[in-house]
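Written below as structure tokens is the structure these notes are about.
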Amino acid sequence: MKIIGGPASQLLASRTARALGAGPVLCEYSSFPDGEIYLRIAEEIENEAVTLIQSTPTDSDLVALLQLIDACEGAKSVNVVIPYMGYARQDKKFKSGEPISARAIARCINADRVFTVNIHEESVLDYFPCPARDLDAAGLLGKHIGELGLENPIVVAPDAGAQAIARNVSGDLGFACDYLQKTRLSGDTVEIKTKNVDVEGRHLVLVDDMIATGGTMAESIRMLKGQGAADVYLSCVHPVLTRNAVVRLFNAGVKDIIATDTLEKVESQVSVAPLLAEALKGL
Ligand code: R5P
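Residue 272 is where the sequence shown starts when you use the working numbering, and the numbers rise one by one after that.
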């Protein structure tokens, strides 16, 4: 199998290729004077089984993925791995007149098979015109957290929606798992606290699928610290970490941010390459 890494997933594609015992295919990336993307697959892929790995955090990353798919004309088969899929959060119309952006994008992916990693909503998989499967990186995050040697930590989801991923991260580690519950005390006051477990003096690991502006996590850290929590770690699959998110989180008192390389940032301490390699090996 030939592995091709798009511009947003060079490291992850190289790691995945290595895990599969293959060399990643070399591609050239540059841009035209007007800013349009130029790319070229610099090796022969005619009649080969090709896997493209490219996250799409920006519109130009999406364009590069579409160009790569088109350039694979002549390949025997094309698998597309979108480790982080931009626009996946717009998975339905929230107001009339809106697009279902995730559907608009999924419909453009002309491939034999698609893989995503912890996509925001699994229902998005149905929008792809080919079989699509979501892979769960929670076990890899859990393994890393287990190796931190934290004494009796609590794994906490910042809301009820993130409970499943928090449970999967705590997996076999035997850590207590809880989620934050918001109670409205009056018109303008809310109380946010852990549902079941007292956090006083305990180390916490807050887990979500992604951290974007950091607003959800910064508020959660402040509140948990106010209740006497010891060190608060953050863990997510997708470190979108846009604008001033990192500074907001450090101002709130985060101990460390542990994320995967679905987006290649300095916080991407855990690679999902073994997960991708395992899924691709089975094809
Ligand atoms: C929302 O449904 C997601 O699971 C995350 O909780 C959210 O995207 C985080 O966004 P932010 O970091 O901007 O608060």
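Glycine included, C-beta positions come from ideal geometry on N, C-alpha and C.
**Prompt:** Comparing alpha-carbon positions, which option in Ser280, Ile390, Gln361, Leu512 lies nearest Ala375?
**Reply:** Gln361
**Message:** Checking the sheet assignment: what are the DSSP bridge partners for Val476?
**Reply:** Val426, Tyr504
**Request:** State the DSSP-derived secondary structure class of Gln452, mapped to helix, strand or coil.
**Result:** strand
**Prompt:** With distances taken between CB atoms, is the gap from Ile436 to Asn467 smaller than 8 Å?
**Reply:** no
**Message:** Is Ile482 close to ligand 1? I mean its beta-carbon at under 7 Å from any heavy atom of the ligand.
**Reply:** yes
**Message:** Looking at the secondary structure, which residues open and close the alpha helix (DSSP H) in which Thr487 lies?
**Reply:** 486-497
**Message:** Quick check on Leu303: buried or exposed, where buried means 16 or more other Cβ atoms within 10 Å of its Cβ?
**Reply:** Before going on, a small fix: residue 303 reads as Phe here, not Leu. Exposed, since its Cβ has fewer than 16 Cβ neighbours within 10 Å.
**Message:** Out of Ser280, Leu551, Arg311, Val537, which one is the CA nearest neighbour of Thr329?
**Reply:** Ser280
**Prompt:** What separation, rounded to the nearest whole angstrom, lies between the Cα atoms of Pro429 and Leu547?
**Reply:** 27 Å
**Prompt:** So what's Lys364 in DSSP terms, helix, strand or just coil?
**Reply:** coil
**Asked** Shorter than 8 Å from the beta carbon of Asn318 to some beta carbon of chain C?
**Response** Looking at the structure shown, chain C is missing, and only one protein chain is on hand.
**Asked** Could you give the residue range of the alpha helix (DSSP H) that holds Val517?
**Response** 516-523
**Message:** Three or more C-beta pairs under 8 Å: does that hold for the region 487-502 against the region 513-524?
**Reply:** yes
**Request:** Locate the beta strand (DSSP E) running through Thr387, then write down its first and last residues.
**Result:** 384-388
**Proximity test, Thr533 beta-carbon vs ligand 1 heavy atom, cut-off 7 Å** = no
**Message:** Quick check on DSSP: helix, strand or coil for Val349?
**Reply:** strand
**Prompt:** How long is the line joining the alpha carbons of Pro295 and Asp502, rounded to whole angstroms?
**Reply:** 40 Å
**Message:** Using the three-state DSSP reduction, which class does Ala447 fall into: helix, strand or coil?
**Reply:** strand
**Asked** Is Gln434 helix, strand or coil when you go by DSSP?
**Response** helix
**Request:** Keeping to the same chain, check which residues put their C-beta closer than 6 Å to that of Ala431; ignore five residues upstream and five downstream.
**Result:** Tyr450
**Asked** Cβ of Met488 within 7 Å of any heavy atom in ligand 1?
**Response** yes
**Message:** So, at 8 Å on beta carbons, what are the nonlocal neighbours of Ala215 in its own chain, with the 5 sequence-adjacent residues on each side left out?
**Reply:** No answer is possible for residue 215: the residues shown for the chain start at 272 and end at 554.
**Message:** To the nearest angstrom, how far is the alpha carbon of Leu505 from that of Thr531?
**Reply:** 12 Å
**Message:** Tell me whether Asp407, by its Cβ, gets closer than 7 Å to a heavy atom of ligand 1.
**Reply:** no
**Request:** Sort out for me which residues DSSP pairs Ser301 with in a bridge.
**Result:** Tyr309
**Asked** On the three-state DSSP scale, how would you describe Lys414?
**Response** helix
**Asked** Could you give the distance in angstroms between the alpha-carbon of Gly368 and the alpha-carbon of Cys379?
**Response** 21 Å
**Request:** Would you mind reading off the limits of the alpha helix (DSSP H) that contains Thr287?
**Result:** 281-290
**Asked** Per the contact definition of three or more C-beta pairs closer than 8 Å, is the region 399-408 in contact with the region 518-528?
**Response** no
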